[in-house]
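Okay, so here's the structure we're looking at.
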Amino acid sequence: MRIARPKVLQSQSSIATAMTPFLDVLTGLLIFLIVTFSPEEATIEVDPKLNLPQSSHTLKGVPHLKVELGQEQVRVNGEVVQGLQLSTASTDTWDLLRKILKDQKKDENAVLVIADKGVSYKFVDHTAALVAAAGFADIYFLTEMQFKEEGEKK
Amino acid sequence: MRNFKRNTDEAVLNLTPIMNLFVALIPFLIVSSAFIRLGGVDVQAPSAASGVQTPNSLKKDSELRLSFEVQEYKVIVTGYDQNYDQEISGVKAEFPIAELSRLVAYVDGLSQKQYKIGPSLFHASPETKFENAISVLNAMRSSQHVKEIVMAAGVVE
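As given, the protein sequences belong to chains R and X, one line each in that order. Read in the working numbering, the first sequence has 57 at position 57, and its numbers run on one by one without any break. Every position in the second sequence, counted from 1, becomes a number in the working numbering once 154 is added.
What follows is the structure, encoded as structure tokens:
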């Protein structure tokens, strides 16, 4: 018995030592995740088929009203505007979006526009005009964050 | 010797609670975080009333109004007076979309020439790709002197 006891102590000690690098990694990971965690951004659901353009500025806020312009479909807060196809859009079909925007609550003055980078600007322009006509004052365009390279600013 | 062994026993930390915390927090943060960082560019919507109107904040006389007109592959920057009635001589330049850093330098240079830059007007032609329009908006925002961007959109009936 006297010989066995020191062996137990030694094995406990070696287990405790092996935990240290593991805990270091976990602590580093935890800090990184907490720092980069953005609960507002996490609420934005973007269609994975959309390719967002890039910019180096952060969003000022995330408005509740989101208008999504895909290559074909238009969505408002995730729901497809039935009957509105960008390629065949006419005054009548744009009216569908106008009505939806007018019916939205005006708790906020801003609208988040999520558009594919390949979309023709004329559709964004028309959407902006409808957003303005519905009484919203600010438009936020969602982009992917592009990190500035050193010296780019000059 | 016995005392020494007892001290070694007490020094072993109980890591179970902190490990439980890590095991709960890390999966939560990994699942809920967006790995593609989202950014954005904000503009003021055009005035709801149609026609040539300028926002209320465009009433100070001393400010230079810049208009950024985006065409398919270039941007034209033009300086106007406070009502967008008259072009300011010497304040007009064109930049290719691929060289927007020159645009930022130009706007910053205007500010150094004693011009105080007021709200700026942004307009893009229909054939412009949205990606290019955003690149120009991003460049405008990168300039320290462009405080407000007002979007000039088409008229809806």
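All residues carry an ideal CB built from backbone N, CA and C; glycine is no exception.
- Taking C-beta atoms as the reference points, residue 97 of chain R and residue 81 of chain R count as a pair closer than 7 angstroms.
- Around the Cβ of residue 139 of chain R, a 10 Å sphere holds 16 or more other Cβ atoms; the residue is buried.
- Contiguous beta strand (DSSP E) elements confined to the segment 87 to 151 of chain R occur at 110 to 115, 138 to 145, taking only those with 3 or more residues.
- Any Cβ of chain X closer than 7 angstroms to the Cβ of residue 18 of chain R would place that residue at the interface, and such an atom is absent.
- Per DSSP, residue 177 of chain X lies in no beta strand (DSSP E) segment; the continuous alpha helix (DSSP H) that holds it begins and ends at 170 to 186.
- For the options R:60, R:19, R:106, R:129, the alpha carbon positioned closest to that of residue 295 of chain X is the one of R:60.
- Annotation for residue 117 of chain R: 51, 52, 53 place their beta carbon closer than 7 angstroms to its own, counting only its chain and skipping 5 residues before and after.
- A distance below 8 angstroms between beta-carbons, with the five flanking residues on each side excluded, links residue 228 of chain X to the following residues of its chain, in chain order: 248, 249, 250, 251.
- Beta-bridge pairing by DSSP links residue 274 of chain X to X:303.
- Nearest CB-CB separation between residue 170 of chain X and chain R: not below the 7 angstroms threshold.
- Counting C-beta atoms within 10 angstroms of its own C-beta, residue 193 of chain X has 16 or more neighbours from the protein chains shown and is therefore classed as buried.
- For residue 295 of chain X, the residues of chain R that pass the 9 angstroms Cβ criterion are 55, 56, 57, in the order they occur in the chain.
- X:289 is the residue among X:240, X:289, X:171 whose C-alpha sits nearest the C-alpha of residue 56 of chain R.
- Residue state for residue 295 of chain X is assigned as helix, using DSSP reduced to three classes.
- Taking 9 angstroms as the cut-off between beta carbons, the residues of the segment 254 to 276 of chain X near chain R are 255, 258, 259, in sequence order.
- In terms of Cα proximity to residue 70 of chain R, the closest of R:49, R:105, R:88 is R:49.
- Contact between the segment 219 to 226 of chain X and the segment 71 to 91 of chain R is absent, with fewer than three C-beta pairs closer than 8 angstroms.
- With fewer than 16 other Cβ atoms from the protein chains shown falling within 10 Å of its own Cβ, residue 181 of chain X counts as exposed.
- Using a CB distance below 9 angstroms, the part of the segment 43 to 54 of chain R facing chain X consists of 44, 46, 51, 52, 53, 54, ordered along the chain.
- Counted as a single uninterrupted DSSP element, the stretch harbouring residue 192 of chain X is not any alpha helix (DSSP H) but the beta strand (DSSP E) occupying residues 192 to 198.
- Taking residue 275 of chain X as the centre and dropping the five residues before and after it, the same chain places the C-beta of 221, 304, 306 closer than 6 angstroms to its C-beta, in chain order.
- Residue-level contact check: residue 237 of chain X does not touch chain R, since none of the beta carbons of chain R fall below 7 angstroms from its beta carbon.
- Here residue 245 of chain X is near residue 233 of chain X, since their CB atoms are less than 7 angstroms apart.
- Where residue 258 of chain X is concerned, the enclosing alpha helix (DSSP H) starts and stops at 254 to 266.
- Using a Cβ-Cβ cut-off of 7 angstroms, residue 89 of chain R does not count as an interface residue toward chain X, since no Cβ of chain X sits closer than that to its own.
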